[in-house]
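Visitor: Next up is a structure, given as structure tokens.
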Amino acid sequence: MDRKSFFQQISSGRRESSPEQLSVTAIPAEQLAPRKQKQQDAAQRTTGRLSTGVTPYTGTFTEDQLRHLLRRTLFGFRKTESDAFKGMTASQVVDLLLTTSTTAPTPPVNNYNSGTYTDPNVPAGSTWVNASFTDGTANALRNFSLKSWWMGLMLNQDATILEKMVLFWHNHFATEMDVVGDARYSYLTNAMLRKDAMGNVKTLVKDVTRDAGMLIYLNGYLNSKNAPDENYARELQELFTVGKGPNSKYTEDDVKAVAKVLTGWRINRLSAPASAVYFDPTRHDTGNKTLSSFYGTSAVITGRSGTNAGNDELNDLVDLLFAQRETALHICRKLYRFFVYYDIDAQAENDVIAPLADTFINSGFEIKPVLSQLLKSEHFFDSLNQGCMIKSPVDHIVGFLRQWNVAFPASSNIPAQYGMWNDARAFCQIQGMDIGDPPSVAGWPAWYQVPSYYQLWINSDTFPKRNQFQDLLISTGYTSRSGKIIADVYTFAQQFPNPENADKLLDDSIKLLLPIPPDATMRALLKANLLPGGIPDFNWTDEWNQYKNNPGNTLFKNIVYTKLIMLYKSIMNLAEYQLS
Amino acid sequence: MKRRNFLRNTAAAGAVLPLSIADLKFRAYGPNAVLASLARAAAQTDRVLVLIQLNGGNDGLNTLIPLDQYSNLSKARQNVLIPDNKVLGLNGKPATGLHPAMTGLQGLYNNGLVSAVQNVGYPSPNFSHFRSMDIWMSASDSSETYTTGWVGRYLDNVFPGYPTGYPTSAMPDPLAIQIGSGVSLAFMGENMNLAMAITDPSSFYNLVTGSTGTAPNTPAGRELTYVRTIAQQTQQYGTAIKNAADKGKNLATYPSGNRLADQLKIVARLIHGGLKTPVYMVTQGGYDTHSQQVDSADTTKGAHATLLQQLSDAIKVFQDDLTRLEVQDRVAGMTFSEFGRRVMSNFSTGTDHGAAAPLFVFGTKVNPGIIGNNPVIASTVTVSDNVPMDFDFRQVYATVLKDWFEMNDAEVRDAMGGKTFQTLPIFKGGSTRIEDFTDLFARLSMADPYPNPAREQTTVSFFTDGGQVSMYLYDAMGVRIRTLASGKHRGGNHEVQVDLSGLRPGNYFVQLEQGTQRITRMLFVQ
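Taken in sequence, the protein lines are chains A and B.
The numbers in our numbering rise by one with no breaks, and the one at position 78 of the first sequence is 78.
The numbers in our numbering rise by one with no breaks, and the one at position 330 of the second sequence is 330.
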């Protein structure tokens with residue numbers, strides 16, 4: 001197996017052959033990792049991965065397929081959103097989803113001045129992103145403000161892929177706000193990911209490298225010729241570009257050489273945040289940096305001096321990193337795991353990842369053509385790729401709140417609005433996903449940890465929390481000091497054409513809420529929530545119309561609400577609801 | 001006779017030899033029926049293992065401090081060095097001490113409740129957190145990828161077929177519990193992850209788990225089945241955990257603001273409440289101390305000191321609690337981290353990713369003391385220099401499985417991916433006796449290489465009383481680059497000529513190995 005030689009290569013660099021190494025290389029791969037082999041065989045046997053590739057999908061674009069596309073590219077989707085796309089081709093819808101706003105959102109504001117704390121440098125309701133640091137208390141409050149603001153952007157997303165891509169890049173170029181320690185820099189990181197989210201990835205990598213948040217997070221700002229710090233140089237290769245794929249054979253010496261390329265970047269904390277990053281040529285290692293043969297036969301980054309040395313060498317470095325096909329493959333695999341499925345078998349690698357990588361390379365590393373090709377492909381719409389993703393906590397919480405059109409406090413009350421956004425964030429956090437503070441620079445394990453991947457989102461701690469959230473929101477609603485949010489079951493049912501018809505209401509609701517339909521037995525059990533004990537269907541029709549015609553009647557209201565709450569609780573308590 | 005056995009075991013431990021691997025692979029990975037047919041001689045003990053994961057790579061050199069290397073250490077890592085007069089002493093070990101923040105662990109050590117194992121790692125260290133953590137969790141070689149975990153394989157063996165048919169009357173409780181909102185690769189079994197994640201054992205949300213229906217034979221069906229299984233297990237085991245939490249109590253006073261202590265508090269309560277779960281995992285993060293590991297004004301303070309203090313305090317109060325709850329003899333704890341840190345500190349008063357590091361096993365049933373020697377620090381080190389491993393982390397795992405969980409050799413080998421690892425004298429009455437172990441110290445010795453520094457060639461002489469002896473050359477990163485000698489040696493003095501041509505100038509280590517005993521010497525190549 002290539003992976004094996006890869007790690008030997010990485011960890012040893014140069015060496016002579018020795019008896020035990022010879023013996024290790026002599027063992028066939030399948031004996032070295034038998035369980036993996038076995039597991040993959042089993043997976044192929046039972047779930048028969050597919051044979052489709054990146055050829056554009058030209059078959060009938062069904063409503064099921066539209067919903068699949070929206071589930072994967074938006075956080076949940078509203079009925080109004082899927083209705084708006086009805087009648088279009090797959091290609092037309094994807095083009096619209098990829099036409100993202102280029103206007104930066106208004107930055108987060110001071111929502112935190114209160115009786116107990118007042119930020120002397122920022123009036124309530126004004127943005128803090130350009131203000132001075134103030135103190136640790138202000139910074140902690142600003143971190144919450146930033147995360148709440150981001151939550152708000154996701155909750156109020158338009159029907160484009162932008163917010164999912166921002167999250168994708170946050171997971172890819174992960175930083176932790178808690179470690180960065182300055183919310184103003186973390187804001188800039190987020191703003192940079194938004195600006196570059198749909199653009200050129202080489203540009204993005206350069207921007208990330210010179211980002212204040214990243215420079216702090218991975219010690220780039222401490223990296224100097226006398227004291228090279230390898231932290232960023234390692235992750236730049238291992239996680240951000242060439243990756244750890246079977247043919248990615250960079251060495252420990254490459255880590256050291258790349259660290260030297262990146263020496264000299266500094267942060268002036270007294271400057272305005274947007275101009276805090278600067279290059280100090282006196283701390284830069286001006287020597288030539290020789291890389292291993294993985295980067296080509298004579299891969300040398302010519303040492304520079306002077307004020308442009310940092311940018312010039314960074315440009316050379318990024319050119320070199322992206323000249324390796326591994327970088328394109330690595331980023332395409334990450335996209336695949338984010339938008340399609342985690343299991344990349346040989347077929348997916350050859351027929352999907354490889355052509356996507358070609359597209360990526362040929363476009364000069366633009367992300368949009370890759371997304372377009374992937375999302376329009378036969379492979380993406382293959383029925384076997386539908387419903388197989390376990391929702392991330394953000395997908396679960398934001399998707400729920402959007403799909404149910406849950407109303408949040410208005411912008412006229414900023415503390416309440418931000419406060420409730422923060423509560424939504426906290427619901428994600430207790431499920432193991434705190435946006436802005438991923439567990440490590442590798443992002444969330446559900447997108448990289450072999451073999452469990454998405455399954456890591458669901459365990460005995462998080463699964464009950466998911467159900468609890470859903471049940472709470474559709475029944476009493478959630479109340480905090482920021483107010484109350486509730487998912488109104490009657491309003492939800494009312495959006496369908498025939499809510500008084502039990503069968504139609506059930507089927508329309510299922511289509512919106514579940515990616516794969518329940519079997520007949522389960523469907524009958526769900527229907528019994530509206531018509532217990534097998535009573536005839538017209539009973540529900542009567543009950544619905546009674547309340548509809550007498551909206552002030554509490555008794556009629558209670559009957560309808562009780563039944564709808566039970567119905568939607570039962571639908572969303574199904575394991576199917578956790579899938580996308 | 002004992003010793004004879006011991007040496008014979010040792011010879012069989014040559015897992016790196018192609019013959020033994022080829023020989024083992026069938027038994028290790030044969031069809032499940034083979035596993036199931038292995039006689040299960042009451043493998044389900046009432047013993048509990050608590051794994052304490054130190055996330056980020058703990059700086060072993062500032063944890064268990066080698067005082068006899070102090071002058072070289074002070075050259076290599078002046079800005080993070082702990083003043084030697086502040087290092088906490090350990091009874092009977094004048095050359096080794098603990099970080100000044102670890103008074104709790106010092107107390108336990110001096111009361112005979114701690115076994116420290118020096119320089120634990122694996123050959124060809126990987127310096128990626130994620131890869132190295134996977135290696136530790138799955139107990140694979142550096143060059144392999146396993147998709148199951150070491151605890152998962154152990155539990156699969158004791159509880160075959162899980163989750164089908166479980167819970168049973170013999171095992172009504174979760175097989176493993178991880179405190180937190182996630183589960184580790186260490187618990188990954190053949191069919192699924194075997195650990196329950198819990199944050200609050202006293203409250204469980206009542207799930208509606210009605211009819212589940214059939215799952216289609218598709219990737220969606222695979223995920224559906226997974227979520228349904230979790231739902232079912234949560235319901236089944238939730239009650240068991242809640243009952244144990246209601247019944248159990250804590251008798252010690254746990255410190256506030258110590259998240260690790262909070263987690264261990266739950267573990268103690270569940271054990272006392274009668275939960276039969278054999279393995280728990282708790283986690284402490286923050287060990288990736290690239291910068292500001294110490295306060296520059298006072299190196300005994302800072303981020304690392306805070307972590308070690310919380311670790312040490314948490315272990316101390318947990319052990320006290322277990323004793324008051326009268327379950328102390330059933331519980332052993334063990335710390336581990338994905339790697340140690342570089343010998344040389346960096347200019348950010350921190351340390352970068354390294355290789356081997358010490359780990360601690362604690363409890364009333366451990367052989368108190370330190371296994372192995374202090375790491376050897378060169379007088380001149382480069383930024384790449386690492387602490388080389390003396391013990392493979394899988395020797396520690398194998399010891400836990402064999403001596404704590406009473407598995408037989410075949411079962412241990414299976415859990416260790418088909419490889420055999422010599423156990424260590426960590427537990428009282430274990431398979432490797434401390435006498436055998438100490439005996440070897442007197443029976444194996446190695447002189448410094450001569451000449452040293454050397455250019456083209458050097459000579460290493462050693463003494464053995466006979467048996468399987470190997471000598472390896474490691475580079476400064478801790479990567480084994482050559483085998484200098486390997487095979488049965490008669491008793492007496494031996495000399496090995498080492499050809500150094502082609503080696504880059506720098507620090508190297510020569511390591512002599514006989515059984516569990518390893519002796520390491522520095523070699524500088526000019």
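Beta carbons: idealized from backbone N, C-alpha and C, even for Gly.
By DSSP, does His-290 (chain B) sit in helix, in strand, or in coil?
Guide: Three-state result, His-290 (chain B): coil.
Visitor: Quick check on DSSP: helix, strand or coil for Leu-88 (chain B)?
Guide: Here Leu-88 (chain B) sits in strand by DSSP.
Visitor: Around the Cβ of Glu-326 (chain B), are there at least 16 other Cβ atoms within 10 angstroms (buried) or fewer (exposed)?
Guide: Glu-326 (chain B) should be labelled exposed.
Visitor: What would DSSP say about Phe-75 (chain A), mapped onto helix, strand or coil?
Guide: Correct three-state label for Phe-75 (chain A): coil.
Visitor: Please report the distance separating the alpha-carbon of Ser-486 (chain B) from that of Gly-467 (chain B).
Guide: About 10 angstroms.
Visitor: Can you check the stretch 39-70 of chain B for any beta strand (DSSP E) of at least 3 residues that lies completely inside it and give the ranges in chain order?
Guide: Listed in chain order, they are 48-54 and 64-66.
Visitor: For Leu-574 (chain A), count neighbouring Cβ atoms within 10 angstroms of its own Cβ and tell me buried if that reaches 16, exposed if not.
Guide: With 16 or more other Cβ atoms within 10 Å, it is buried.
Visitor: Which of the three DSSP states is assigned to Lys-428 (chain B) in this structure?
Guide: Three-state result, Lys-428 (chain B): coil.
Visitor: Please tell me whether Ile-267 (chain A) and Ala-233 (chain A) are closer than 8 angstroms, where the distance is taken between their beta carbons.
Guide: No; because the gap between Cβ atoms is not below 8 angstroms, this pair is not in contact.
Visitor: Over what stretch of residues does the beta strand (DSSP E) that includes Tyr-620 (chain A) continue unbroken?
Guide: Residue 620 (chain A) is absent from the model: chain A starts at 1 and stops at 580.
Visitor: Check Met-192 (chain B) in the structure and name its three-state DSSP category.
Guide: Coil, per DSSP.
Visitor: Go ahead and pull the three-state DSSP assignment for Val-525 (chain B).
Guide: Reduced to three states, the DSSP call for Val-525 (chain B) is strand.
Visitor: Using a Cβ cut-off of 8 angstroms (strictly closer), state whether Ala-485 (chain B) contacts chain A.
Guide: No, Ala-485 (chain B) lies away from the interface with chain A (no Cβ there is under 8 angstroms from its Cβ).
Visitor: Measure how close the beta-carbons of Asn-113 (chain A) and Ser-145 (chain A) come, nearest whole angstrom, since I'm counting them as under 8 angstroms.
Guide: Their Cβ separation, rounded to whole angstroms, is 11 angstroms, which puts Asn-113 (chain A) and Ser-145 (chain A) out of contact at 8 angstroms.
Visitor: Grouping DSSP H, G and I as helix and E and B as strand, with all else coil, what is Glu-230 (chain A)?
Guide: Correct three-state label for Glu-230 (chain A): coil.
Visitor: Go to Arg-480 (chain B), then tell me how far its alpha helix (DSSP H) extends in each direction, as first and last residue.
Guide: Careful: Arg-480 (chain B) lies outside any alpha helix (DSSP H), inside the beta strand (DSSP E) at 480-489.
Visitor: So His-494 (chain B) contacts chain A; which residues on that side make the cut at Cβ distance below 8 angstroms?
Guide: Within 8 angstroms Cβ-Cβ: nothing; His-494 (chain B) doesn't reach chain A, min ~18 angstroms.
Visitor: Going by beta-carbon coordinates alone, are Ala-357 (chain B) and Asn-85 (chain B) separated by less than 8 angstroms?
Guide: No, these two residues do not count as a Cβ contact at 8 angstroms.
Visitor: Less than 8 angstroms between the beta carbons of Val-469 (chain B) and Gln-514 (chain B), yes or no?
Guide: Going by C-beta atoms, Val-469 (chain B) is nearer than 8 angstroms to Gln-514 (chain B).
Visitor: Does Val-183 (chain B) come within less than 8 angstroms of chain A when only Cβ atoms are used?
Guide: So yes, Val-183 (chain B) belongs to the interface.
Visitor: Could you tell me whether any Cβ in chain B is nearer than 8 angstroms to the Cβ of Cys-428 (chain A)?
Guide: Chain B, which has no Cβ nearer than 8 angstroms to the Cβ of Cys-428 (chain A), makes this no.
Visitor: Pull up the distance between the alpha-carbon of Ser-292 (chain A) and that of His-330 (chain A), whole angstroms please.
Guide: Straight-line Cα distance between these residues: approximately 19 angstroms.
Visitor: Leaving out five residues on either side along the sequence, give the residues of the same chain with a beta carbon under 6 angstroms from the beta carbon of Phe-168 (chain A).
Guide: For Phe-168 (chain A), where only same-chain residues beyond five positions count, the Cβ hits under 6 angstroms are Phe-338.
Visitor: Is the shortest distance between the beta-carbon of Val-450 (chain A) and the beta-carbons of chain B less than 8 angstroms?
Guide: It does; some Cβ of chain B falls within 8 angstroms.
Visitor: Contact criterion: CB-CB distance below 8 angstroms. Does Tyr-418 (chain A) meet it with respect to chain B?
Guide: It does not; no Cβ of chain B falls within 8 angstroms.
Visitor: Quick check on Phe-400 (chain A) - is its C-beta less than 8 angstroms from some C-beta in chain B?
Guide: Chain B, which has no Cβ nearer than 8 angstroms to the Cβ of Phe-400 (chain A), makes this no.
Visitor: Quick one: give me the first and last residue of the alpha helix (DSSP H) that Phe-360 (chain A) is part of.
Guide: Counting along the chain, the alpha helix (DSSP H) containing Phe-360 (chain A) begins and ends at 354-362.
Visitor: At 4 residues or longer, and completely inside the stretch 490-524 of chain A: list those alpha helix (DSSP H) runs for me, N to C.
Guide: With a minimum length of 4 residues, the continuous alpha helix (DSSP H) runs that stay inside the stretch 490-524 of chain A are 502-513.
Visitor: Is the stretch 351-361 of chain A touching the stretch 454-472 of chain A, taking contact as three or more C-beta pairs under 8 angstroms?
Guide: Because the criterion of three Cβ pairs below 8 angstroms is not met, the stretch 351-361 of chain A and the stretch 454-472 of chain A do not touch.
Visitor: Name the residues in the stretch 371-395 of chain A whose C-beta lies less than 8 angstroms from a C-beta of chain B; which are they?
Guide: Hits within the stretch, in order: Ser-383, Leu-384, Asn-385, Gln-386, Gly-387, Cys-388, Met-389 and Ile-390.
Visitor: In the DSSP assignment, find the beta strand (DSSP E) that holds Ile-370 (chain B) and state where it starts and stops.
Guide: Looking at the DSSP string, the run of the beta strand (DSSP E) that includes Ile-370 (chain B) is 369-371.
Visitor: Could you tell me the alpha carbon to alpha carbon distance between Leu-222 (chain A) and Ala-415 (chain B), rounded to whole angstroms?
Guide: Answer to the nearest angstrom: the Cα atoms are 43 angstroms apart.
Visitor: So Ala-442 (chain A) contacts chain B; which residues on that side make the cut at Cβ distance below 7 angstroms?
Guide: Correct list: Phe-130.
Visitor: Excluding the 5 residues preceding and the 5 following Leu-375 (chain A) in the sequence, name in chain order all residues of the same chain whose CB lies nearer than 6 angstroms to its CB.
Guide: Cβ neighbours of Leu-375 (chain A) beyond the five flanking positions: Val-94.
Visitor: Of all the options A:Ala-502, A:Ile-571 and A:Ile-565, which has the alpha carbon lying nearest to the alpha carbon of Pro-518 (chain A)?
Guide: Minimum Cα distance to Pro-518 (chain A) is reached at A:Ile-571.
Visitor: Give, in chain order, every unbroken run of the alpha helix (DSSP H) that is at least 4 residues long and sits entirely within the stretch 220-303 of chain A.
Guide: You should have 231-235 and 252-261.
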